[in-house]
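Below is one structure, written out as structure tokens; comments come after it.
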């Protein structure tokens, strides 16, 4: 019996076993007495997949937040660099603080 187990389940280790080995072990042990107690120390594969999906989702959200904050900081930095810019009188009389050409150049510099 021990030889059979070693041949078929030799790669199932108590810790850090591959997911394929754990899935194969669970498929072959589908009928056991008190499975909750029998498998309580075996990795829960569905929870492992859920945790990996949540981790990937959180990483993507963090990546997007970093990109948005970088873009905002770059935009603010570009506005601060243009202190030598003087607003034309017709633009200022229209109620704006920047002309269309200057705004277009700032937007082009960001892309």
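Numbering (full-length UniProt numbering), first residue to last: 1 to 111. Glycine included, each C-beta is placed from N, C-alpha and C at the ideal position.
A direct Cα-Cα distance of roughly 24 angstroms separates residue 101 from residue 68.
The beta carbon of residue 87 sits closer than 8 angstroms to the beta carbons of 96, 97, 98, 99 from its chain, once the five residues preceding and following it are set aside; these are given in chain order. Contact between residue 106 and residue 78 holds, since their C-beta atoms are separated by about 5 angstroms, short of 8 angstroms. Boundaries of the alpha helix (DSSP H) around residue 106: 100 to 110. In the DSSP assignment, residue 93 falls within the alpha helix (DSSP H) that extends over 89 to 93. Nearest in C-alpha terms to residue 47, of all of 19, 63, 110, 3, is 19.
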